[in-house]
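Peer 1: In terms of the numbering used here, the sequence shown is residues 6 to 205.
Using N, Cα and C, we set each Cβ at its ideal position, and we do this for glycine too.
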Amino acid sequence: MANKLVRLFREEQRWLEALATIENANTPPSNDKMPNIKARIEWVRSPATREHDKLHWFLKCTQFPSFDTCSTGSQCPWVRMDDSLKYFFSICEDAFDITREEVVRGSAETNRRYGGKTLNNTDNILSINGDVDPWLSLSVTQSQPGSPAITIPGAGHAIWALMSKIDDSDFKKYYDEILKVVSGWLDLRKPARLRRGSQL
Numbered sequence: 006m007a008n009k010l011v012r013l014f015r016e017e018q019r020w021l022e023a024l025a026t027i028e029n030a031n032t033p034p035s036n037d038k039m040p041n042i043k044a045r046i047e048w049v050r051s052p053a054t055r056e057h058d059k060l061h062w063f064l065k066c067t068q069f070p071s072f073d074t075c076s077t078g079s080q081c082p083w084v085r086m087d088d089s090l091k092y093f094f095s096i097c098e099d100a101f102d103i104t105r106e107e108v109v110r111g112s113a114e115t116n117r118r119y120g121g122k123t124l125n126n127t128d129n130i131l132s133i134n135g136d137v138d139p140w141l142s143l144s145v146t147q148s149q150p151g152s153p154a155i156t157i158p159g160a161g162h163a164i165w166a167l168m169s170k171i172d173d174s175d176f177k178k179y180y181d182e183i184l185k186v187v188s189g190w191l192d193l194r195k196p197a198r199l200r201r202g203s204q205l
């Protein structure tokens, strides 16, 4: 059991290091290692910046403001500063002319349209979470008619999705449940009304 925990910890650590590397690679350099708003805005506006990066920031500013914030001095892998929301709102305003109020309204409209954590009577959506995922508090964790939710103990953000975990006995029962739900949705022998909304 101890070896399994050590392996899991090392794999989680590799994911965390990978996320930190990605963020550091995407953060414009600055002399004091703090985010430089002007450099970030120029980066977002630049024709050389890939379109998907611009779209990512535009969507953060208009519909899905998932701003990764960390306190100064923490070991958090994202932007570390005491007023990181001001930094992100500045990017929205200066790069896209979208005010803080518009970001808040856009987020509220997105939650209204899609139902937030209730998913507005959707079906065939399976919400899979790890209970040590830093985004768990933002996730859909309660099953609803047609949209089951599962929380996997000991799993971090998408750690359950690693192919190496399929044969791990701690995760196998969850893979089996996921397969059962999705197979129910895809079973073309059933009438469509019976394929919809399979539960765990």
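Where does Lys-65 land, buried or exposed, given buried means 16+ other C-beta within 10 angstroms?
Peer 2: Buried.
Peer 1: Taking all protein chains shown into account, decide if Pro-34 is buried (16 or more other Cβ within 10 angstroms of its Cβ) or exposed.
Peer 2: In this prediction, Pro-34 has a pLDDT of 45, which is less than 50 and means its spatial position is unreliable; nothing more can be read from the coordinates.
Peer 1: How would you call Asp-138, buried or exposed, if buried means at least 16 neighbouring beta carbons within 10 angstroms?
Peer 2: By the 10 Å Cβ count, Asp-138 comes out buried.
Peer 1: Can you confirm whether the region 117-132 touches the region 86-95 when touching is taken to mean that 3 or more C-beta pairs between the two stretches lie within less than 8 Å?
Peer 2: Cβ pair count under 8 Å is below three, so no.
Peer 1: Please name the residue in Pro-70, Gln-149, Thr-123, Thr-104 whose C-alpha comes closest to that of Ser-112.
Peer 2: Among Pro-70, Gln-149, Thr-123, Thr-104, the Cα nearest to that of Ser-112 is on Pro-70.
Peer 1: With DSSP collapsed to three states, give me the class of Ala-113.
Peer 2: Note: Ala-113 maps to helix in three-state DSSP.
Peer 1: Are Leu-124 and Ser-152 close, meaning C-beta to C-beta below 7 Å?
Peer 2: The answer is yes: Cβ separation under 7 Å.
Peer 1: Starting from the C-beta of Ala-100, find all residues in its chain whose C-beta is less than 6 Å away, skip the five residues before and the five after it, and write them out in chain order.
Peer 2: For Ala-100, where only same-chain residues beyond five positions count, the Cβ hits under 6 Å are Ile-46, Val-49, Arg-50.
Peer 1: Using only alpha-carbon positions, find the residue among Thr-146, Asp-128, Tyr-180 that is nearest to Trp-210.
Peer 2: Any property of residue 210 remains undetermined from this structure, which presents the chain solely from 6 to 205.
Peer 1: Hey, how far is the Cα of Thr-208 from the Cα of Met-86?
Peer 2: Since the displayed the chain opens at 6 and closes at 205, residue 208 lies outside it and no answer follows.
Peer 1: With a CB to CB cut of under 6 Å and the five nearest residues on each side skipped, what residues in its chain are close to Ala-160?
Peer 2: So the qualifying residues of the chain are Gly-135.
Peer 1: My assumption, with CB atoms under 8 Å, is that Val-186 sits in contact with Leu-141. Please give the rounded CB distance.
Peer 2: About 20 Å separates the two Cβ atoms, so there is no contact after all.
Peer 1: For Val-109, does the count of other Cβ atoms within 10 angstroms reach 16, so buried, or fall short, so exposed?
Peer 2: Per the 10 Å Cβ criterion, exposed.
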